[in-house]
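In what follows, a structure is listed as structure tokens, so that the remarks can point back to it.
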């Protein structure tokens, strides 16, 4: 990726926070359990890792809903296909860009967009 360590860490923290929130609010985990789940889902990846940040291609809402409801959650629970307003309203100190907000995280060098 063509992003700095600071940008990667900001995104990692933000996605961990979002994942933990969903796991606590929708998955019934304690706050401690939800943070542990977030750390497991979003481990730190060293700068030289060629797949670093790949997990960011979908947001934390998606990964948490898959963990809670399974791979077919968008079919079985279509009301959960999009993040809730409460999730969107999370106070994030380093907000991750969302579609339509502003450009997303830096792209792979081969990304034509």
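In this note's numbering, the protein residues as written are 1 to 113. Every residue, glycine too, gets a C-beta built ideally from N, C-alpha and C.
Among 35, 82 and 25, the one whose alpha carbon lies nearest that of residue 59: Within the chain shown, numbered from 1, the residue matching residue 59 stands at position 59. When each option's Cα is compared against that of residue 59, the closest is 82.
Three-state secondary structure (DSSP) of residue 25: In the chain shown, residue 25 corresponds to position 25, counting from 1. In this structure, residue 25 counts as helix in the three-state DSSP scheme.
Option in 55, 15, 48 and 34 with minimal Cα separation from residue 23: Taking the chain shown and counting its residues from 1, one reaches residue 23 at position 23. Residue 23 has its Cα closest to that of 34, out of 55, 15, 48 and 34.
Segments of 3+ residues assigned as beta strand (DSSP E) that fall wholly inside the region 23-80: none
Cβ distance (whole Å) where residue 16 is taken to contact residue 47 below 8 Å: Within the chain shown, residue 16 is the residue found at index 16, counting from 1. Within the chain shown, residue 47 is the residue found at index 47, counting from 1. Not confirmed; about 18 Å, so no contact.
Cβ pair residue 73, residue 21 closer than 8 Å: Within the chain shown, residue 73 is the residue found at index 73, counting from 1. Within the chain shown, residue 21 is the residue found at index 21, counting from 1. Not in contact: residue 73 and residue 21 (Cβ atoms no closer than 8 Å).
Closest by C-alpha distance to residue 90, when choosing among 19, 64, 62 and 5: Residue mapping note: residue 90 aligns to position 90 of the chain shown, counting from 1. Among 19, 64, 62 and 5, the Cα nearest to that of residue 90 is on 19.
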